[in-house]
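Enquirer: First the structure, then my questions, so here it is.
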Amino acid sequence: MDRVASTPVRMVLAVLVTCLVSATALTFTYEATRGRIAEQEKVAEERALRAVLSSADSFEAMETSVLERALDVSGGVPVAGIWRAIGTDGGFAGFAIRCAPRGYGGPMQMVVGLDRDGKVSGVSIIKHNETPGLGTKIMTEPTFLQQFMGWDAFAIDVAARGYDAISGATKSAHAVRAGVVAAGRVYQQVLVGLGDTKGVTIDE
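And the structure:
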């Protein structure tokens, strides 16, 4: 059987067909998994909210105007969401702030909880791209995230001076600190007085 002569046109067409098939396959794969991925991210977010404010019974998303004001005072740290926490008695229990400081591997998605007095009640990492075994120590070192507990939003910069980084994972550790400091500033400059403001209930 004679082989078809290879020409520049045929080579280009072969590459184009391969790219088209690959792109189509990727599109179908993305569409098939998009809903599942979104649901998993929502579950992870809700789990993080409960982890940082365990006393809360439900969470209400704050309105867009509050989020926009938060972005102005967060010191360059992206703020993706703010929730008002409701206690089992129906009263205000604190705020949860989702932010994305930049770590070694890129933006790190995390949630910081602050109680009704403006004290950090918890820090939870939702998603990251930090180096396994190094940057991931921010989650595996038992005392690292715990050190932020009790930091006062009204003296957040002072509290940050006493922070302990992790050897070999300083950029990842600094990112978490930046997220906590940003959350403290948002609480102090935007959220004070909004504890009784109704939001949109997302979890009951």
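Numbering (my numbering), first residue to last: 293 to 496.
Glycine included, C-beta positions come from ideal geometry on N, C-alpha and C.
A quick note: this is a predicted structure, and the numbers were derived from the prediction, not measured.
Pull up the distance between the alpha-carbon of G471 and that of W443, whole angstroms please.
Expert: Mapped onto the sequence shown, residue 471 falls at position 179. Mapped onto the sequence shown, residue 443 falls at position 151. If you take the alpha carbons of G471 and W443, they lie about 13 Å apart.
Enquirer: Determine the direct distance from the alpha carbon of R408 to that of A385, and round the result to whole angstroms.
Expert: As a position in the sequence shown, residue 385 is number 93, starting the count at 1. As a position in the sequence shown, residue 408 is number 116, starting the count at 1. Going from the Cα of A385 to the Cα of R408 covers about 5 Å.
Enquirer: On a CA-only basis, which of A451, R339, G425 and A457 is nearest T435? Give me that one, please.
Expert: Walking along the sequence shown from the start, residue 435 turns up at place 143. T435 has its Cα closest to that of A457, out of A451, R339, G425 and A457.
Enquirer: Under 8 Å between the Cβ atoms of G395 and S347?
Expert: Walking along the sequence shown from the start, residue 395 turns up at place 103. Walking along the sequence shown from the start, residue 347 turns up at place 55. Against a cut-off of 8 Å, the Cβ pair of S347 and G395 comes out as no contact.
Enquirer: Taking the continuous beta strand (DSSP E) assigned at S416, which residues delimit it?
Expert: The residue given as residue 416 occupies position 124 in the sequence shown. It spans V412 to K419 - the beta strand (DSSP E) in which S416 sits, taken as one unbroken run.
Enquirer: What does DSSP give as the partner residue(s) for Q401 in the beta ladder?
Expert: The residue given as residue 401 occupies position 109 in the sequence shown. For Q401, which the question treats as bridged, DSSP gives the partners K419.
Enquirer: Label R342 either buried or exposed according to how many other C-beta atoms from any shown protein chain fall within 10 Å of its C-beta, with 16 as the threshold for buried.
Expert: If you number the sequence shown from 1, residue 342 lands on position 50. Looking at its Cβ environment, which holds 16 or more other Cβ atoms inside 10 Å, R342 is buried.
Enquirer: Grouping DSSP H, G and I as helix and E and B as strand, with all else coil, what is E355?
Expert: Along the sequence shown, read from residue 1 onward, the residue named residue 355 stands at position 63. Three-state DSSP puts E355 in coil, outside helix and strand.
Enquirer: Name the residue from G373, G460, Q332 and A467 whose alpha carbon lies nearest to the alpha carbon of A452.
Expert: Sequence index remark: in the sequence shown, residue 452 carries index 160 (1-based). The option with the nearest alpha carbon to A452 is A467.
Enquirer: Buried or exposed: where does C391 fall if 16 or more other Cβ atoms within 10 Å of its Cβ makes it buried?
Expert: What you label residue 391 is simply residue 99 of the sequence shown in a count that begins at 1. So C391 ends up on the buried side.
Enquirer: Less than 8 Å between the beta carbons of L345 and G405, yes or no?
Expert: Against the sequence shown, residue 345 aligns to sequence position 53. Against the sequence shown, residue 405 aligns to sequence position 113. The answer is yes: Cβ separation under 8 Å.
Enquirer: What does the Cβ neighbour count give for A306, buried or exposed, with the cut at 16 atoms within 10 Å?
Expert: The residue given as residue 306 occupies position 14 in the sequence shown. Looking at its Cβ environment, which holds fewer than 16 other Cβ atoms inside 10 Å, A306 is exposed.
Enquirer: How long is the line joining the alpha carbons of G373 and I448, rounded to whole angstroms?
Expert: Within the sequence shown, numbered from 1, the residue matching residue 373 stands at position 81. Within the sequence shown, numbered from 1, the residue matching residue 448 stands at position 156. Taking the straight line joining both Cα atoms gives about 20 Å.
Enquirer: With a CB to CB cut of under 6 Å and the five nearest residues on each side skipped, what residues in its chain are close to P399?
Expert: Looking up residue 399 in the sequence shown gives position 107. Closer than 6 Å at Cβ, skipping near neighbours: A392.
Enquirer: Kindly indicate which residue of G476, K419, A461 and I418 has the alpha-carbon position closest to the one of M441.
Expert: Position 149 of the sequence shown holds residue 441. The residue with the shortest Cα to Cα distance from M441 is G476.
Enquirer: Can you check which of these residues, V358, V473 and G327, is closest to G368 by C-alpha distance?
Expert: The residue labelled residue 368 in the question sits at position 76 within the sequence shown. Considering only alpha carbons, the answer is V473.
Enquirer: Apply the 10 Å Cβ neighbour rule to F446 and answer buried if 16 or more other Cβ atoms are within range, or exposed otherwise.
Expert: Numbered from 1 along the sequence shown, position 154 holds the residue referred to as residue 446. It is exposed - the Cβ of F446 has fewer than 16 other Cβ atoms within 10 Å.
Enquirer: If we ignore side chains and look at the alpha-carbon of each, how far apart do A336 and V313 end up?
Expert: In the sequence shown, the residue the question calls residue 336 occupies position 44. In the sequence shown, the residue the question calls residue 313 occupies position 21. Going from the Cα of A336 to the Cα of V313 covers about 34 Å.
Enquirer: Measure the C-alpha to C-alpha separation of E333 and R302 and round it to an integer number of angstroms.
Expert: As a working mapping, residue 333 is identified with position 41 in the sequence shown. As a working mapping, residue 302 is identified with position 10 in the sequence shown. So the two alpha carbons sit approximately 44 Å from each other.
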